[in-house]
């Protein structure tokens with residue numbers, strides 16, 4: 018079965034390569050041409066338009082920046098909705114608003130095109146390794162159909178519920194991670210400026226109720242002033258924006274997510290947008306006029 | 018060596034019992050008499066005043082509600098400072114402001130009395146089991162002297178640094194736990210009201226970067242509407258208040274700790290002060306006018 022792949026960015030390219038490596042036939046498109054040529058050299062068929070991908074493949078993967086891009090590719094003129102055969106399946110692996118995912122799905126369904134939302138976590142390193150975690154939403158039969166294809170790119174593929182629920186799980190994940198990074202930053206800045214050794218405080222609390230994967234991964238980065246991403250502040254701002262849009266759309270106030278989004282926004286203003294999200298501690302350092310070190 | 022013990026509350030009583038069980042001779046005092054009688058029945062010497070404890074013991078443990086109570090017992094008229102022999106060692110195991118701990122220590126040192134701050138985490142169940150975690154601050158020699166006594170009450174005893182640093186570690190712990198509980202509440206409330214199954218979202222994200230000890234311990238309580246403490250909201254408000262006082266005293270703004278303290282304060286107004294701190298999700302349920310269930 019030929020698979021369509023649209024969106025060959027930092028994540029899309031390695032994901033597409035893993036599809037090729039696992040023996041799938043892929044036809045791909047990207048707005049800028051060099052990434053398409055690179056995939057063609059790796060064995061994919063190069064397409065000159067979304068229409069060409071949509072006409073050639075019955076299962077089409079999209080990996081795009083955000084909701085508007087997915088809406089344009091799926092529903093815009095010359096898009097998937099115009100050119101895919103009835104019965105085709107769109108697997109959108111972008112991280113977008115769950116409400117947008119439901120809306121796009123509803124529109125495609127009217128044209129007899131099915132859709133799953135299947136955002137990933139793990140970032141570029143796990144995209145390269147083929148060990149992403151996929152959180153999928155949609156009909157069970159559609160999920161079962163896409164599963165072997167998703168497994169070529171992921172270590173874990175879980176169906177969370179119906180359309181949109183994949184992105185809801187992703188947003189829940191991003192809220193917990195962002196706020197937890199801020200909590201850790203707040204705690205370590207207080208500890209250090211109040212005169213304790215932040216490394217010893219980290220060692221003292223990591224084994225108890227305060228312990229977390231964020232603490233294990235990010236406290237050492239904060240204390241070593243290592244800001245290499247990982248996951249970039251600019252992308253976390255995007256995800257928190259989608260969380261807040263979803264909260265507004267469904268009637269769920271998110272005061273801490275909004276606060277942390279604004280902290281990240283302040284860091285972006287200071288040119289830290291491309292740093293790892295653990296650089297959030299620099300927001301606190303600026304507030305406290307103090308530099309946290311081991 | 019006879020050990021003094023002042024403060025026989027929910028935590029102090031089982032801690033004192035574990036000292037007796039491990040063969041230590043204990044002289045104890047408490048403001049209300051029944052707890053003293055109970056310890057006397059368990060083998061302790063009952064004292065009628067702080068002065069009597071301070072005169073009889075060279076190592077005195079205090080386990081009191083907060084900074085003002087410790088200051089009064091240590092420095093007030095008829096207190097430890099007035100009656101303990103030069104060279105005595107106060108081991109304050111209360112959770113208090115680190116700045117207050119340093120201040121009390123400084124005053125006691127002028128009277129040739131030494132001090133450690135050694136707050137604990139683990140709550141009543143671990144106090145009963147004798148498996149508390151102690152985070153201690155003070156001179157290494159004083160720590161070494163107190164260590165065998167502390168080990169009769171704790172599974173883990175760590176010296177974090179100098180006087181006050183034990184309470185700094187405790188506050189760092191309490192900040193991370195409180196804010197992480199709020200993050201989890203925010204994420205699960207959004208997930209549920211936006212239409213996903215919060216149990217499946219929990220299962221989908223617990224293994225990744227969002228995973229934490231708080232999530233493992235508290236998400237099931239939130240989804241089962243179990244509010245049995247554990248650790249009470251009223252006590253967490255006290256600890257966050259000490260964190261914010263310390264932030265004010267040392268120049269470290271703590272915007273998220275302050276927000277979560279006010280959320281807990283709102284729950285106290287609604288009579289949830291004696292509930293487990295995971296009942297924080299009810300603050301979000303009230304905001305969202307929605308009840309989160311499995």
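Chains as they are written, first to last, in my numbering: chain A, 18 to 311; chain B, 18 to 311. Even for Gly, the Cβ is constructed at its ideal location relative to N, Cα and C. If you're wondering where the values come from, they're calculated on a predicted model, not measured in any experiment.
**Study point:** Min CB distance residue 210 of chain B to chain A below 8 Å
**Key:** Position 193 of the second chain, counting from 1, holds the residue named residue 210 of chain B. Yes, its Cβ sits closer than 8 Å to a Cβ of chain A.
Exercise for review: Specify, as a first and last residue, the run of the alpha helix (DSSP H) that residue 150 of chain A falls within.
Suggested key: Taking the first residue of the first chain as 1, we reach residue 150 of chain A at position 133. Residue 150 of chain A -> not in any alpha helix (DSSP H); beta strand (DSSP E) instead, spanning 149 to 154.
Exercise for review: Report the residue ranges of all beta strand (DSSP E) runs contained in full by the stretch 105 to 167 of chain B; include only those spanning at least 3 residues, in chain order.
Suggested key: 106 to 109, 131 to 134, 149 to 154
Review point. Ends of the alpha helix (DSSP H) at residue 250 of chain A?
Key: As a first step, residue 250 of chain A must be located in the first chain, where it is residue number 233. 250 to 267 is the span of the alpha helix (DSSP H), which, as asked, contains residue 250 of chain A.
Review point. With burial defined as no fewer than 16 other Cβ atoms inside 10 Å of the residue's Cβ, what is the status of residue 128 of chain A: buried or exposed?
Key: Within the first chain, numbered from 1, the residue matching residue 128 of chain A stands at position 111. Burial call: exposed.
Practice item. Could you name the residues of the same chain whose beta carbon sits closer than 7 Å to that of residue 283 of chain A, not counting the 5 residues immediately before and after it, in chain order? Key: Counting from 1 along the first chain, the entry for residue 283 of chain A is found at position 266. Contacts found: 300.
**Study point:** Inter-stretch contact at 8 Å, needing at least 3 Cβ pairs: the stretch 247 to 259 of chain B / the stretch 293 to 309 of chain B
**Key:** yes
Point to revise | Contact the stretch 225 to 233 of chain A vs the stretch 251 to 265 of chain B: 3+ CB pairs below 8 Å | key: no
Review point. Hey, residue 147 of chain B and residue 124 of chain B: beta-carbon distance below 8 Å or not?
Key: Here residue 147 of chain B corresponds to residue number 130 of the second chain, with the count starting at 1. Here residue 124 of chain B corresponds to residue number 107 of the second chain, with the count starting at 1. Cβ atoms of residue 147 of chain B and residue 124 of chain B: not closer than 8 Å.
Exercise for review: Give a yes or no on whether the minimum CB-CB distance between residue 216 of chain A and chain B is below 8 Å.
Suggested key: Translated into the one-based positions of the first chain, residue 216 of chain A becomes position 199. Closer than 8 Å: no.
Point to revise | Rounded separation between residue 242 of chain A and residue 25 of chain B - CA only | key: Numbered from its first residue, the first chain carries residue 242 of chain A at position 225. Numbered from its first residue, the second chain carries residue 25 of chain B at position 8. Going by the C-alpha atoms only, they are around 45 Å apart.
Exercise for review: Verify the CB distance criterion: does residue 297 of chain A have a CB-CB separation below 8 Å to chain B?
Suggested key: The sequence position of residue 297 of chain A within the first chain is 280, counting from 1. For residue 297 of chain A, the answer is no, since every Cβ of chain B falls outside 8 Å of its Cβ.
**Study point:** Span of the alpha helix (DSSP H) around residue 98 of chain A
**Key:** Your numbering for residue 98 of chain A matches position 81 in the first chain. Note, residue 98 of chain A: alpha helix (DSSP H), 97 to 100.
**Study point:** Alpha-carbon to alpha-carbon, residue 86 of chain A and residue 164 of chain A
**Key:** Taking the first chain and counting its residues from 1, one reaches residue 164 of chain A at position 147. Taking the first chain and counting its residues from 1, one reaches residue 86 of chain A at position 69. Computed Cα separation, rounded: 24 Å.
Exercise for review: Below 9 Å between beta carbons is the criterion; list the residues of the stretch 187 to 199 of chain B that meet it against any residue of chain A, in chain order.
Suggested key: 187, 188, 189, 190, 191, 192, 193, 194, 195, 196, 197, 199
Exercise for review: Using a cut-off of 7 Å between C-beta atoms, extract the partners of residue 103 of chain A located in chain B.
Suggested key: In the first chain, the residue the question calls residue 103 of chain A occupies position 86. By Cβ distance, chain B contributes nothing, its closest Cβ being about 27 Å from residue 103 of chain A, past 7 Å.
**Study point:** Short CB-CB distance (under 8 Å) between residue 309 of chain A and chain B
**Key:** Mapped onto the first chain, residue 309 of chain A falls at position 292. Not closer than 8 Å to any Cβ of chain B, the Cβ of residue 309 of chain A fails to qualify, so no.
Practice item. Select from the stretch 19 to 30 of chain A all residues with a C-beta closer than 9 Å to any C-beta belonging to chain D, and list them in chain order. Key: No chain D appears in the structure shown, which is made up of the protein chains A and B.
Check your understanding: Any C-beta of chain A sitting closer than 8 Å to the C-beta of residue 206 of chain B?
Key -> Your numbering for residue 206 of chain B matches position 189 in the second chain. Yes, contact with chain A.
Point to revise | Best match in B:119, B:186, B:82, B:179 for proximity to residue 150 of chain B [C-alpha to C-alpha] | key: As a first step, residue 150 of chain B must be located in the second chain, where it is residue number 133. The residue with the shortest Cα to Cα distance from residue 150 of chain B is B:186.
Exercise for review: Spell out whether any CB of chain A is found under 8 Å from the CB atom of residue 138 of chain B.
Suggested key: As a working note, residue 138 of chain B is residue 121 in the second chain. So, interface residue.
**Study point:** beta strand (DSSP E) segment containing residue 311 of chain B, residue limits
**Key:** To locate residue 311 of chain B, count along the second chain from 1; it is residue 294. Premise fails: residue 311 of chain B is in no beta strand (DSSP E) and is neither H nor E.
Exercise for review: Return no unless some Cβ of chain A is closer than 8 Å to the Cβ of residue 159 of chain B.
Suggested key: Within the second chain, numbered from 1, the residue matching residue 159 of chain B stands at position 142. No - not a single Cβ of chain A is within 8 Å of the one on residue 159 of chain B.
Practice item. Under 6 Å Cβ to Cβ from residue 117 of chain B, same chain only, skipping five residues before and after it: list those, please. Key: Position 100 of the second chain, counted from the start, is the residue given in the question as residue 117 of chain B. These residues qualify, in order along the chain: 84.
Practice item. May I have the straight-line CA-CA distance separating residue 253 of chain A from residue 177 of chain B, to the nearest angstrom? Key: What you label residue 253 of chain A is simply residue 236 of the first chain in a count that begins at 1. What you label residue 177 of chain B is simply residue 160 of the second chain in a count that begins at 1. Straight-line Cα distance between these residues: approximately 34 Å.
Review point. With a cut-off of 8 Å, does the C-beta of residue 39 of chain A fall near any C-beta of chain B?
Key: For the purposes of this step, residue 39 of chain A is taken as residue 22 along the first chain, with counting starting at 1. For residue 39 of chain A, not one C-beta of chain B is nearer than 8 Å to its own C-beta.
Exercise for review: Could you spell out the range, first to last residue, of the beta strand (DSSP E) harbouring residue 76 of chain A?
Suggested key: Sequence index remark: in the first chain, residue 76 of chain A carries index 59 (1-based). Per DSSP, the unbroken beta strand (DSSP E) holding residue 76 of chain A starts and ends at 76 to 79.
Review point. With 16 as the cutoff for other CB atoms within 10 Å, does residue 288 of chain A come out buried or exposed?
Key: Taking the first residue of the first chain as position 1, residue 288 of chain A is located at position 271. Residue 288 of chain A should be labelled exposed.
Review point. Is it the case that the Cβ atoms of residue 133 of chain A and residue 269 of chain B are separated by a distance below 8 Å?
Key: Stepping through the first chain from its first residue, residue 133 of chain A is reached at position 116. Stepping through the second chain from its first residue, residue 269 of chain B is reached at position 252. Taking 8 Å as the Cβ cut-off, residue 133 of chain A and residue 269 of chain B do not qualify as a contacting pair.
Practice item. Find out if the Cβ-Cβ distance for the pair residue 37 of chain B, residue 76 of chain B is shorter than 8 Å. Key: Here residue 37 of chain B is taken as the residue at index 20 of the second chain, counted from 1. Here residue 76 of chain B is taken as the residue at index 59 of the second chain, counted from 1. In this structure, residue 76 of chain B does not lie closer than 8 Å to residue 37 of chain B by Cβ.
Point to revise | Span separating the alpha-carbon of residue 218 of chain B from that of residue 104 of chain B | key: Taking the first residue of the second chain as 1, we reach residue 218 of chain B at position 201. Taking the first residue of the second chain as 1, we reach residue 104 of chain B at position 87. Rounded to whole angstroms, residue 218 of chain B to residue 104 of chain B spans 57 Å at the Cα level.
**Study point:** Nearest to residue 156 of chain B (by Cα), restricted to the options B:180, B:141, B:304
**Key:** Taking the second chain and counting its residues from 1, the one referred to as residue 156 of chain B is at position 139. Here the closest residue by C-alpha is B:180.
Practice item. Report all residues from its chain with a CB closer than 7 Å to the CB of residue 121 of chain B; omit the five preceding and five following residues, and keep chain order. Key: Along the second chain, one-based indexing puts residue 121 of chain B at 104. Non-local C-beta neighbours of residue 121 of chain B in its own chain, meaning closer than 7 Å and more than five positions away in sequence, comprise 87, 88, 91, 92, 132, ordered along the chain.
**Study point:** Candidates A:167, A:95, A:74, A:28, of which the one nearest residue 143 of chain A by Cα
**Key:** Here residue 143 of chain A refers to the residue found at position 126 of the first chain. Ranking A:167, A:95, A:74, A:28 by Cα distance to residue 143 of chain A puts A:28 first.
Check your understanding: What three-state label does DSSP hand residue 214 of chain A in the structure shown?
Key -> Against the first chain, residue 214 of chain A aligns to sequence position 197. Looking at residue 214 of chain A - three-state DSSP - the assignment turns out to be coil, as it is neither helix nor strand.
Check your understanding: Who are the near neighbours of residue 72 of chain B in its chain, counting only those whose CB is closer than 7 Å to its CB and skipping five residues on each side?
Key -> If you number the second chain from 1, residue 72 of chain B lands on position 55. Here residue 72 of chain B has 100 as same chain residues with Cβ atoms under 7 Å from its own Cβ, once five neighbours each way along the sequence are excluded.
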